[in-house]
Structures are given as structure tokens and as C-alpha cells.
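Chains as they are written, first to last, in the numbering used here: chain A, 1 to 496; chain B, 1 to 378; chain C, 1 to 222; chain D, 1 to 321.
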Amino acid sequence: MAADDWFDVRGAVAWVTEQTMDKTIGMTRFWEQKYWLSEFSAEFAMAGIIFVVTMLAVLGPVWMERKLIARLMDHRGSTIAIRSLWTGEGNIRVEWWKDLPFGIGVPIGWINGFLWNNFGNESSNPKVTQVGNRSYAGWWWALPGMINNFADFTKFAIKEHMPPRDADQVTYEVAPFIIISTTLLVFAFIPYGPSLYAANPDLSLVYMMAIFGIAPLGVFFAGWASNNKYTLIGGMRSAAQLTAYEIPLLVTVLGIAVLSGTLNIIEIAEFQMNNTLGSVWNIFLMPLGAALFLITMIAEVERTPFDMPEAEAELVEGWWTEYGGMRWGLLFASEYLRALAACLLFSLFFLGGWEFPFEDSLIALPLVGGIFGALFQVVPHSAWLLMKAWLVFGFFIWVRASLHRVRTDQILEFGWRYLLPLSVIQLGLSIWLRLGVYDGGPWPLVVPALITVVAVVLFVVLVLDEDEEALAEQRRPYHVSEINKASPGARINLED
Amino acid sequence: MAEMWISMGPQHPMTHGLWTLKVKIDGETIVDTIPDLGYIHRGVEKICESRDFTQITPYCDRLCYASANTWSHSYIYAAENLLEVEVPERAEYIRLIAVEIQRIASHLMWLGAYCPDIGNLTAFVYCLREREMMLDLLQELGGSRMHYNFPRIGGVKRDLPHGFAMRCRAKVKLFLQRIHEYEALLDESTIFLIRTQGVGYAKPEEMVNHGVTGPNLRAGGVNYDVRWAHPYSVYDELDWTPSVERSSVKGADCYDRYRVRLDEMKTSAELILQALDGIPGGAETFHESGDPALIAKAPARASDGQTGFHHFEDPRGESMFYLAGGGDERGKNPYRVSIRSPMFITIPYAAKCMIGYKIADVPAIMGSFDPCIGETDR
Amino acid sequence: MGMKVNHEKQVAAANDVITALEAEFSGEGLSCEVRMHAGGKHQRSYVYIDCPPSIWAIVAETLSEVHAVDHCSMITGIHWPEKSPEMEWQVVVHLMRMSVRNPPSNEGIVMPIISDASILQGSDMPLEFEVSIAIPETRNPSIPSVQHVWVGADWNEKETWDLVGIDFEGHNEMRRVLQPHETPAGFHPLQKQHKLRYHEFNEMYDDAQGFARKSEDIGKVK
Amino acid sequence: MAYHPRATPNFRNLVVRPMWITLRAGLRTIPVIGPRFFSSGYHGKQAQMLDDETINRIGDNDSGDIIYAADRETSHFVKSISRPVTIMYPYERLEDLEPWLFVPNNYNGRIGVVWETCTACKACVRACPNDCLHMESEVRVNVLDMPDAPEDDAGLSSVEFVEGGYLARKNDDFEEIENTFSLETAHESAPQQYDFAEIIDLSGTTASVRWTDSGKTESVDLEGMIPAEQDIVSGRIDLGRCMFCGLCMESCPFNSFFMTNEYDGMSGITRDDLWMDAARTRVLPVVHKEAVDRELAKRADKERAKRERAAKKASKASKEA
């Protein structure tokens, strides 16, 4: 079963805090206090660990987006490799360590010299050495371009922030912190693995959706407070869009809760993984729900094609415009954190949490079963969850690269008139599935199979309605027929 | 919400260049507009008064940074009227080729800049790829990519380089096939059609009265093209018709202006191919620069009473130069150079066209009139 | 389909306009003639009209209504300080008869008219006009505005006043268009007393910020 | 108005088709299978070079291995990504890929002057609209005084060694530097053909001189030396004001003013960096050999005609006397 693997972080942390408390306060006369103290410090440590894991996890999407969008536009995106730390650019090497006080930099200088001489100078590409750009796409496994994220972060941290002159000071300063704090609080209840979560209250789903919905308030504060007409318009549009897509999101998530019978995220994930309970991924049970969840999450996170408030030709940057420096950095980080949260939630609700696809049947295979068994023992299950989340984020990037930005009134109309009824229909379906079809044990496999087939057929029919003969005759919308033009064109046959 | 004035510009993605459009909005719809020009007024007319006739051409190149050749040729025709110079036939054909290539490059620059205004970012890269081919041709002719200083009074600086005709035919034919790609990219995209059709109506007789000329006027079904009505150069010897769009009764909308410019690019391409075939002395022969077949003897001085003016078909409308002779240094410098910029007259009219539409439509309408602020502010 | 406008017909149409104008304004000092473009390949004709400022408004209206001159291309102001007392300022107006009629339309779609250039004649022959208006010696030159006849002349007149300083009576909301709004009143750069100091202007290198350059520029309207 | 079938706003046109196009664009950049399966199939196609009449006349003989694609064909630099148009500037240069765009005298690059034939007539200074050209003097060898072989010294050299004058010694390794030196990539002043020295005093065949570069005084035998002179030549060009219009090149009556192909080495931090002196704007005569030779021949003929007229006048005067 996917639940128990060696990577039991919470158990280890609990053991460590218990031992320290025993050895320290347990020996004194306040020994009764050691119980709640060890529990408190365990929870505190887990919160720290979850924060670090989230920050490392968000590096993935930021780097992926930069590289995939570049790849679609036929270039490589940022190729600064770790090697550029010691090679420098175009034959110029900045010896930054000399500025460190009290000679701290001297050992760094030695290491740098060693790396410079051994791993710094040559590049496989003759042109690169000719131009002297050594940091061009160093070794691929050194993730070229990842360093840019840290460079960006230090740039945000260092950049000076100039609030507009007569902005509404209090709301202006509060707005980014509302957004970033609610975004980080969302990660309090997202389980990264069977035992890697900060807190696990019973109604974690309800809390999650509530904290997720506070951001539009921060957005509207930012738009209003920066005393700029464009940001006011941008803030209003964004608040309208977020509220318009909040309701279908909640109804879809309600459908998930109904299907899994609980309001606790970990139990939802368990329901899909546990062979005795449901053991079928919800994506096969409610494909319409999965599509709705994705669309509403893209709108909730304000990514193309729904990023009208933020980047329209005449609105410049929407409600972000007046922020700079670290405040803008926080908003930028919160955008990607919310996107990561959306992907994690999707994989938890629909893609069966931290279970490798067909994990049990793979282990049960005759020949290779043993290898898979060993693999699933060694690799911590949180890795599979992160893999699924990053794949879903890849889908977000693919959507961003291909779809047009939709106008505000069209977004709101689409939200209210199409998504809301669809999500209510989906809720009805899941209620019928839970009450009518489900009988306690694992789902009978014919049910998900049937639903998936119906969904796929519907999608194909929706896609293939092409008007062949109109296409053949290339009917154009405009009506400039060749008005008895002189026929110079005839001399050049355009068809070849 | 009470009406409020917001100013779009001078640094704004909507303005192609430095100018401000003050827009009074009620909610999202536009109630009133005031254009505010003059940010890059360099006083070209004042500078030209202290330069002699050959030295003025580089300044006229720099009037409009998207179509330098058309402006230097417009000045040269006016100067030839002033100095009464007869231009050899071959030079007229070479000038026509240079101007028509520049017209295609200018329209491509417009199309490339117009699509991101509507949100379609990839079209910009497509158009610049074709413009790259046209700039190569102009670099062979004029010597650099943006400002060529190519025409001289009485002819041209240099003949078609070796192999130019071959490369020009290949590139123009490839360009004619690539125009189908733009039609596929834009006419078949719903968002482009929704954002441009029925937006920014401009009535034909209103436009004529306001002095709007060029593709913006022909989009309303009015067949006025200076190359046709007052033929200069060798336009009346080539076989072509102005590209006129059949727009709706309410007037020409952004989509018609896009259609007219696309059609005009095709006409220019065909003109280039015909000119290459019909050039006297053949496109492959090469004359040293300064050869009488390329440039005619021209007086360097214009006396006091002489004046000269010429209407020229610029990709944005009708550009015109009026020169009065008899300036200082005994007539070597002009006394007064007056420049008519088509966009200086069209932008105030375009600002009036926007009343009643949404803010989101401002970039679409303004972009469709193809403003080039370099020539507006002179 | 010929593209060449017939030359004789164009001269004939020009002469019709001139005879009509002279008949109407015989007494008021209006003189018209057909002139030829002298350069380029084509000797094309245009109508040159020399008109005193007093009757310019009426002449403009007759041209617009009677002779279908529907397009005002350009208005130029020239300052002749030393020329002669009766012409210290000159306004040259370029007009054009574009022979443009409302394109007909059926079921909502406009049918554009592409006419054959070689058979054009009479009143629908495109013609160029150059009207020269001389203003005698005066401190503040002004002529009547034709803003109401051709709206296209509106911004031309604003620009002429802004750069050359010739005022247009009856022009509503005359303002500076090309120069910054806070330019001092009375400063019109294209007047001949403003000399261009460019050629011997080399202090730019040894004193880029202009600290030393205080002497003759203080207080004077540059 | 009827929409084109591809433009009707349905799910297929709005969502599925664009996503498939983007996916294919992304897959095209995968190193091996990308170009083979997903290539758009029309970049860098062979362009139809000849027009129809020529093809019917001579048949469609393709030009062997030279593929001319009207699209600029580049980027062998990054193999897996096909970028038909962009030039990767520091790694690829336009003049290597499209040499016909940089015919030596057809490109308006930086101004270059062949000092050997410049006679400082200031025609270019008057022709420049922006007043960028300023006169400056330079020690140089008068080319006509340097007969290649002693026998054809038609006595044309009019300058002799004089105290306080200058002499020049040919530095021998100039020949091979001259051919390999390329101003565009070296970005520093061109090599000098002579070392110049100031003559302090003359005694018979030896002279004590002070070398201008090193400043050392030395006594030198006049045998291998060539007389040089301080000449006013136009040289200091303010590139900050220059707009590369080429009017100076056309106005030069002595055909010694050219526009080089250099377009990128001319930047500076302050305005004074943009002042280019005689060395930096030098163009070696070998670059425009025919033009320089034609000019020298013309001047030599003029000089010879002048000499004959002087001789005829002298002989006529002597006849009368």
C-alpha cells in the first residue's frame, strides 16, 4: 500500500523532539512540561520543513516555465549554468569575494581558482570559446538557468521600492502581505506525502478553500491603494474575475468531497489509493470535474488565457504596476506559489495523491514485479506527488503558450453562464455515483471505464465538427473580390 | 462612475512612438479624446534652411523611421520641380523599385506592430522575418538598413548591384507566397476578427473633408491614390490598379484598413516584378554611379522667385514638400522647406473616430491608422 | 485600363476653373494662371491663384462648393523680412480636387468606383491648386481661417501659427501643437530673425553641461 | 458576415487547434526526432532564382551545391533549433553569411580615408551636413616621391631631406601584416608602413635624427631613407555626429574617401571617445587598390604634363634670350 514508506518525516521529528525533551527538561523538576513542549516543537519543526519543501518545489515550475516557453519560441531560454559562479562572462571574471570583510572571502577565492583552472575554460562549442562565453549551457545535469531564479530573488530583495506619492499608505502596504500570507497558509494543509504535512485538521478541505478565496480582497486593495487609474480598473476586473470563478471551483471541490465521503484532504487521497476503500482515481470517475477544476484554477491563478487584469495592451500591468522591489517579488512569488498549490491540489484530488500509477498491479506483475517493489520501497512517495504536480504545471504552460487572452466581459460571461451550471451538473453526478453506485468496497472497475469512455467520445465529437467543403473553397470573411483588377497577377502564378 | 480623463502615452504600448492621447472615459466607454503631439519635434524645416539641396536628403530620410525611402524620394521630386531637372528613364525605374520595396517593408512593420496591440504576439515575428528580406534588398541598394540617402537630385546614388535583380525576384516571389500565410494567421483567427470588425468606423466623405488620404481613405471605398490621380515617376507605364476595399455603409473599420494594406503589399510586389522586367537597359547591366543614364546634371542654386512642390504617395497617406528658393549662400540653400505629413492630419481624425468605443478598442483603432510619429512631429 | 491622365484635358479643365474664377472675382485683385510642374518626367499642370487676404474666405468657399475642391493638402507660412513692403508674410495654401464622390452601396456593402483615368474630363478631372496670399508689412499678420470649409486645414493652421506666427481669424481653440505648451507667447521659430547657431556651435565638447555658456543667453528668448 | 470555417468561434478553433500547433512547435525543437517528424517543411526552401522566360530559354539548371534560400539561412550554431532568420550576432556575422550585402564600397559603414592620396582639399568638410570632419595634420610620405625602382625615377620627387624636416624608414614586415590585417575584427589602429623621424642635422650622407615613436636620437645613413613631410590631412572625424550618409565619399574629387564595412567597433563611453583620429580612420590602399591606382596614375600624368609645359616654357624662354 502506498501509505507507509521509509520516508516518515513526522515520526522522525517527533522522536527527535521527544529525546531532546527527555534529556533536558525531563531531568528537571518541571518534567511534566516535556510532553506538550515536545509536541509543540515537533509541530514547529514540521512547519519549517514544509516551508522549505514548498520553496524548493516552487523553483521547479518557475524554471520549467522559463525554459519551455523559450523552447516553444525556438531558443534555449536562460542558459546560465552553475559553472558561471566561477567562470564569469566574456573573459571577465568578477572577484566578488575580495569585498567580503575580515578576509572571509579568501578561502572562497582558493576554491574559485581551483574550479576556474580545472572546470572553467573550455566549451564543446568552438564559437562559444571564441566569444569567451563560458557559462553558456554548462553541463545539462547542472540545470542551466536555475541560477537565474536566485539571481531574480536577490534582485527583488535589493531593488528600491518607491510607493506612489499620495497612495493610500496603509492599504497599499497591507495588500501584498494579505496575498502572500494567504498563499503560504494554503500550504499548511497540503500533504506532500503520507507523513509530510504541517497540520491535518478534520475539515482541512473547507479551510483550504476559504483561505484560497481571500486573495481577491488583497488584489482589490492593491488596485485601489496605488492611486493609479489603470490599477483601479485592473483591480476591479481581477476581483470580478476571481469571484466569478470561485463558485464553480467550490462546487467542483464539493463534488470531490461527496465522492470520497470526507472533508479531509489526506483522507481524500487515501480514499483513492486504499484498495479497500475506493482505489480508483477520481479523474476517471469525474472527468468533467477534472476539466472544470483545471479551468477554474487557471482563472483563479490569473494565468493566460484569463490574465486580462494583469497584462492588457492599454492597462500595462494591471494592479501590479505601482509595486516594485521586494513587494513585487512577493506578488510574483505568490503567483507561482498559488499555481503550485493548484497543481498539488489537482494531483491530490484527481490523480491519486502520492501513489505511482497502477502501483499495486505493477508490484504484482510476474517477472518485473520485484524490481518495481524495490523501486517503490526506495523512492519516497512524495516524489511521485511532486512529479504529477509538475506535469500538471506543464499543462498550464502549454495552455499559456497557445491560447489567446480573452476579454474581460467574455471571461465573466463564460464563468457565470457555462462553468457554474456545468459544475452543478457535475455535483449531481457525483452525488448519484456516491449514493447509487458506491457500495462501501472498491469501485467496480466497469464504472470508471464507462465514464471515461463516454467522456472521451464526447470530447472527440466536440473537436471533430469541421466544415469540410467550406474549408475546401477557402471562403474568406472579407468581400474584396478581385474587382476587375488589371491582371498583372496572372503573370506570377501564386499557386505554385 | 464619474467620467475621468486618463492619458494614454507618451510612453504607452498603444502609441507607436511618442505622443499622448488624453481620453475621457465613463466606465469603459470613451466619451472624448484630445491628441497631444510635438514630443519629438526636431525642427527639420528649420535645419533644412541652412543646408544645401543635396545635404537635405539624409534629414528627410529620418522623418519617418519606418519608411525612409518614401520620404527622401518625396523631397527629391519636389526639389526637381524647383530646379527643373529632367530625370533619366532608368533612374525613374530604380527609384520606383526602391520606393515599392520600402512600402512593403513599412506595411509589414505596421502589420507586425498592430497584431500585438490586439494580443496576437506571434504575427510580429512573422512580419519581421519578411521585413528582413526587404531590408536586405534595401541594404544592397542604399547601403544601410534604415536610412539610405539613396536618391539624388536628377537620379539615384548608384545602379542596381550585380545579381540584385535575381535576388529581388526570388525574395518578392517568396513574399507573395508568405502573404497567404498572414491571411491564414489573421483572417482565420476568431479573436482578430472579433477585435477588428465593426470597430473604428470612418465615413468616406468625412475622411476626405478631414484631409485623410492613403490606405485609410481607400479602406472606405474611395479610389484616390496619388500614383493614379497625379502620376509621377513611371507609375503610368506599369499595369496596376489601386487597392480599394468594399467596406460597409457605416464606413471603413479596422478590418478594412488591414485588408487594404495587405492588398497594397501584393500590388507593390507586382509593381516591383514588372519594373524589374521593364527597366530600360535591362536589370543585369551595370552603370558606374554618376553615369548620365543614372543621374542628370542639376543646377545647385535656386533663385528667389522659384518654388516647387510635389504630392507623393506615402504608405500612410499623401506626403508633400513645398520648397521656396533663394535662401542664404546665394540660393544654394532653400529659403523655406514645408513638409506635409499625412499622419499629422490623420491622428486628430482618428482620435475622433474612437468616441463611443471601449478602452480595449483604443489600441485596435489607433493602430489601424498606422501612426508614425517621426513624420508627424517633423 | 489606362493609368495616364490625359494632359490636354487636364489643362482644359484648369482653364475652365480659371475663367470661372476670374469672371466672379474680376475686380478684387485676384489673378490666376495655369502653371506647369517643371521637373521629373511629366509636365503636369496646376492652377496658381494669387489672392489678397481680404477675399480669401470667399474664394475658399467658391472653390469648395462650385469647383468641388474637396481636399486641403497643406498650408505653409513664409516670412520675407527684407523682400518688399507689401509682402512681408506669405501663406501658400495647396488644395486639390480629388473628384471623389460617395461610393454607391447595395445591401449594405459599398461598391468602390475604379474609373478609367484616360477618359476623365471636365469637373471630375483631379486638379492641383496653389493659392498664394501675400500679407503686407505688419507686426502681427493674420488672414481669415478656412477651418469651416475644409476641416483638414484645422491642424495645418494651428501648425502655421505655432511655427511661423501667422494668425487665422475665426479659428476656434488655436493652440500650440508642435511646440511644448509652455513656450513663451510670441516665439515662432521659423521666423527669419532666429538664426541657427549650429555651424560654429562647438562648445558642446569642452563644456557639455553648459556651465560656462552664460553670457548672451540669459534672459533672451532663444 | 460569414466567418471563415477556421475562424468560427467553436471549441475546435479556439482551443484544440492552437494547442496542437504549439505542441508541434515545441516538439520540433527536440534534437533528433523534432526536425524529422515535426518540421514545418518550408523554411530555407530553395528559392526559384530565374524568371520564367530565362528558365524556358536555358532550362532549370540549378547552381550546383550553392543553395540560395531567399529566407536568410543561419544557425548551424544551435543544431537542434532551426532558426531560419535570426543571426546569432557575436557567434555569426552577417557579412560571412550574406557577402553580397557588404560589397566593399556599397555599405555605409564607418568612414575610412586613404591618407596616401588625400590632398586635404576640404571638399568633404564642406559636404558634410553635420560638420563632423575636422582638419588635422599628419607626417606622411608623399607617394609620388617613392619610385619603386631607381631607373624610372623621372625626377618627379620634389622633396629632399632638409634639416628640421622628416625622414621615413620603411619597416620591412609591413607587407604580410598589410594583407592579413582586417580592421573590422582587430579594432585598433592599422599598422604603419614607415617609422618616421625628425632630422636634427644633416652632414653629407648621414643625419642625426630623433624617432617620433621612441624619442631616441640616433645618427642614421641616408641611403635607405625616404624624405617625408608634415602634411595637413583631413582626419579627426566626430563619429558622434556622423549619420553615415555618404555625402563626403561622393564629394571627394581625389577618390580617397571610402565607407568601410565596419559597423560594430565604434562605441565609446564619453563623446570624446567617438572622436576618431587619422590612425583610426585609415583605410589601407590595398582595400581599394584599383581606385587608388587610378588616382595615382591620373596625378602622375598631371605632374608629367606640368613638367613638360614648364620645360617647354623654359626652352621657349631660352630661345628668345
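We treat Cβ as the ideally placed atom computed from N, Cα and C, and that holds for glycine.
Put residue i into one of helix, strand or coil per three-state DSSP.
| i | result |
| --- | --- |
| lysine 159/A | coil |
| glutamate 318/B | strand |
| serine 219/D | strand |
| aspartate 70/C | coil |
| cysteine 32/C | strand |
| proline 103/C | coil |
| aspartate 202/A | coil |
| tyrosine 263/D | coil |
| leucine 156/D | Residue confidence for leucine 156/D is low, a pLDDT of 48 falling below 50, so the modelled location carries little weight; the figure read from the coordinates is stated next. DSSP places leucine 156/D in coil when its eight states are reduced to three. |
| methionine 111/C | coil |
How many Å lie between residue i and residue j at the Cα?
| i | j | result |
| --- | --- | --- |
| glutamine 177/B | leucine 128/B | 15 Å |
| serine 132/C | valine 125/D | 38 Å |
| cysteine 128/D | cysteine 248/D | 6 Å |
| leucine 254/A | phenylalanine 271/A | 15 Å |
| tryptophan 71/B | glycine 59/D | 42 Å |
| aspartate 273/D | cysteine 242/D | 14 Å |
| isoleucine 411/A | methionine 236/A | 14 Å |
| asparagine 105/D | aspartate 172/D | 29 Å |
| tryptophan 155/C | isoleucine 355/B | 19 Å |
| asparagine 6/C | cysteine 32/C | 22 Å |
| valine 93/C | glycine 77/C | 9 Å |
| glycine 305/B | isoleucine 47/B | 21 Å |
| asparagine 172/C | glutamate 313/B | 31 Å |
| leucine 37/A | phenylalanine 376/A | 35 Å |
| tyrosine 230/A | tryptophan 319/A | 7 Å |
| asparagine 275/A | glutamate 359/A | 11 Å |
| glycine 240/D | tryptophan 275/D | 7 Å |
| glycine 214/B | phenylalanine 177/A | 54 Å |
Spell out the partners DSSP gives residue i in its beta bridges.
| i | result |
| --- | --- |
| histidine 134/D | Arg236/D |
| tryptophan 275/D | Asp238/D |
| leucine 167/D | Ala197/D and Pro227/D |
| threonine 160/C | DSSP lists no partner for threonine 160/C. |
| glycine 251/B | Ser248/B |
| alanine 207/D | Leu202/D and Val220/D |
Would residue i be called buried (16 or more neighbouring beta carbons within 10 Å of its own) or exposed?
| i | result |
| --- | --- |
| glycine 113/A | exposed |
| glycine 103/A | exposed |
| lysine 388/A | buried |
| leucine 170/A | A small fix is needed here, since residue 170/A is valine in this sequence, not leucine. Exposed, by the Cβ-count rule. |
| asparagine 333/B | buried |
| alanine 2/B | exposed |
| leucine 450/A | exposed |
| serine 182/D | exposed |
| glutamate 130/C | buried |
| glutamine 230/D | exposed |
Taking the beta strand (DSSP E) that residue i falls in, what are its first and last residues?
| i | result |
| --- | --- |
| proline 35/B | 29–36 |
| tyrosine 46/C | 45–50 |
Along the alpha helix (DSSP H) that carries residue i, what are the first and last residues, could you check?
| i | result |
| --- | --- |
| glutamate 206/B | 204–210 |
| methionine 297/A | 287–300 |
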